[in-house]
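In what follows, a single structure is set out as structure tokens and then discussed.
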Amino acid sequence: MEIVVTGRHTEVPEKFRLHAVDKLAKLDLLAPQAQRIDVEVTHERNPRQAESAERVELTVIDKGPVIRAEASADDRYAALDLALAKLQERLRRSRDRRKDHHSNVTVPPVDVRPAPAEEAAVDVPAPRAPGDVTETMLGDSPVVIREKVHAAKPMTVDDALYEMELVGHDFYLFIDIETAQPSVAYRRRGWSYGVIKLDSPVALPGSQDTSVAVH
1341 MEIVVTGRHT EVPEKFRLHA VDKLAKLDLL APQAQRIDVE VTHERNPRQA
1391 ESAERVELTV IDKGPVIRAE ASADDRYAAL DLALAKLQER LRRSRDRRKD
1441 HHSNVTVPPV DVRPAPAEEA AVDVPAPRAP GDVTETMLGD SPVVIREKVH
1491 AAKPMTVDDA LYEMELVGHD FYLFIDIETA QPSVAYRRRG WSYGVIKLDS
1541 PVALPGSQDT SVAVH
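Residue numbers (the numbering used here): 1341 to 1555.
Encoded structure:
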């Protein structure tokens, strides 16, 4: 298992890098099929956020869903410990769920790019690969927009909520396998969730017609 430690807007000392590798190498029992663990360390320069100036994000990449955890503290070693505790809990949850879903069949990703128009060709940026991340400035303002491409995968709402919990986010984009609609699940209060769907279904693999009825 490869462990990659990188810094975002900060330098990562070799001492911390070795400490992180030693800690994460012990996850073999919880993630035996993990191919790589990415460790991203970010430093917040704003003195008003000194108590959470160090943020550590952990991402486990294996044959199943991506599992992610992050935490912030005034010290990056403490942030690593907090993020690792969250990651271990999500890995246990993923392992237990896999035991209950041995018979599930993996559905191939959906191509959600629109069909080529019959009009004259227009130069458009080439689509980026899943996992690609870009950062751009919003005009002349100091606002930075970070974009990341994710692979579209048909799944049920239940599976989307499950994977949202694994990555620790408050929302999750997916293709509803029952309606073929691009959808987003999001967290509300307590154990309440919401789902927003677009009214333009996409073509699922194996379908004979590009239009799919909405249930």
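We treat Cβ as the ideally placed atom computed from N, Cα and C, and that holds for glycine.
Next item on the list: For residue 1499, count neighbouring Cβ atoms within 10 angstroms of its own Cβ and tell me buried if that reaches 16, exposed if not.
Entry: The residue you call residue 1499 lines up with position 159 of the sequence shown. It counts as buried.
Next item on the list: Could you please give me the residues that DSSP links to residue 1410 through a beta bridge?
Entry: Stepping through the sequence shown from its first residue, residue 1410 is reached at position 70. Residue 1410 pairs with 1397.
Next item on the list: Let me know the secondary structure DSSP gives residue 1510 once reduced to three states.
Entry: For the purposes of this step, residue 1510 is taken as the residue at position 170 of the sequence shown. Coil.
Next item on the list: Give the DSSP-derived three-state secondary structure of residue 1423 in the structure shown.
Entry: Working through the sequence shown from its first residue, we reach residue 1423 at position 83. If DSSP states are grouped into helix, strand and coil, residue 1423 belongs with the helices.
Checklist line | Test item: CB-CB of residue 1378 and residue 1344 under 8 Å | finding: Position 38 of the sequence shown, counted from the first residue, corresponds to residue 1378. Position 4 of the sequence shown, counted from the first residue, corresponds to residue 1344. Yes.
Notebook entry, point to check: How big is the Cα-Cα spacing for residue 1419 and residue 1380?
Noted result: Sequence index remark: in the sequence shown, residue 1419 carries index 79 (1-based). Sequence index remark: in the sequence shown, residue 1380 carries index 40 (1-based). Approximately 11 Å, taken between the alpha carbons.
Item checked: Coil, strand or helix - residue 1434 by DSSP -> Taking the sequence shown and counting its residues from 1, the one referred to as residue 1434 is at position 94. Residue 1434: helix per DSSP, three-state reduction.
Item checked: Test item: CB-CB of residue 1431 and residue 1363 under 8 Å -> Within the sequence shown, the letter at position 91 stands for residue 1431. Within the sequence shown, the letter at position 23 stands for residue 1363. No.
Note to self: Suppose only complete runs of 3+ residues qualify. What are the beta strand (DSSP E) ranges in the region 1347-1390, listed by chain order?
What the structure shows: 1376-1383
Next item on the list: Output the distance between the C-alpha atoms of residue 1366 and residue 1540, rounded to the nearest integer angstrom.
Entry: Taking the sequence shown and counting its residues from 1, one reaches residue 1366 at position 26. Taking the sequence shown and counting its residues from 1, one reaches residue 1540 at position 200. When rounded, the distance between both Cα atoms is 45 Å.
Check: Which partner residues does residue 1524 have in the DSSP bridge list?
Finding: The residue you call residue 1524 lines up with position 184 of the sequence shown. BP columns for residue 1524 point to 1513, 1536.
Next item on the list: Give a yes or no on whether the C-beta atoms belonging to residue 1375 and residue 1401 are separated by under 8 Å.
Entry: Locating residue 1375 in the sequence shown gives position 35, counting from the first residue. Locating residue 1401 in the sequence shown gives position 61, counting from the first residue. It is a contact, given that the beta carbons lie within the stated cut-off.
Check: The beta strand (DSSP E) with residue 1486 in it runs from where to where?
Finding: Within the sequence shown, the letter at position 146 stands for residue 1486. Note, residue 1486: beta strand (DSSP E), 1484-1488.
Item checked: Cβ shell of residue 1516 (< 6 Å), same chain only, five flanking positions each side left out -> In the sequence shown, residue 1516 corresponds to position 176, counting from 1. These residues qualify, in order along the chain: 1523.
Margin query: Considering only the alpha carbon of each residue, which of 1414, 1354, 1399, 1511 lies closest to residue 1388?
Written below: Sequence index remark: in the sequence shown, residue 1388 carries index 48 (1-based). The shortest Cα separation from residue 1388 among 1414, 1354, 1399, 1511 belongs to 1414.
Next item on the list: Quick one: grab the DSSP three-state call for residue 1518.
Entry: As a position in the sequence shown, residue 1518 is number 178, starting the count at 1. Looking at residue 1518 - three-state DSSP - the assignment turns out to be coil, as it is neither helix nor strand.
Check: Of the choices 1404, 1421, 1514, whose alpha-carbon is the least far from that of residue 1356?
Finding: Counted from its first residue, the sequence shown places residue 1356 at position 16. Nearest C-alpha to residue 1356: 1421.
Note to self: Are the CB atoms of residue 1396 and residue 1384 within a distance shorter than 8 Å?
What the structure shows: What you label residue 1384 is simply residue 44 of the sequence shown in a count that begins at 1. What you label residue 1396 is simply residue 56 of the sequence shown in a count that begins at 1. Not in contact: residue 1384 and residue 1396 (Cβ atoms no closer than 8 Å).
Checklist line | Per-residue burial, residue 1372 [other beta carbons within 10 Å of its own, 16 or more giving buried] | finding: Taking the first residue of the sequence shown as 1, we reach residue 1372 at position 32. When all chains shown are included, residue 1372 counts as exposed.
Next item on the list: Report the option in 1434, 1484, 1393, 1486 whose CA atom is closest to the CA atom of residue 1504.
Entry: Taking the first residue of the sequence shown as position 1, residue 1504 is located at position 164. That would be 1434, whose Cα lies nearest to the Cα of residue 1504.
Note to self: I want to check one thing, is the minimum distance from the CB of residue 1490 to the heavy atoms of the ligand ATP below 7 Å?
What the structure shows: Annotation note on the ligand ATP: not contained in the displayed structure, which lists no ligands.
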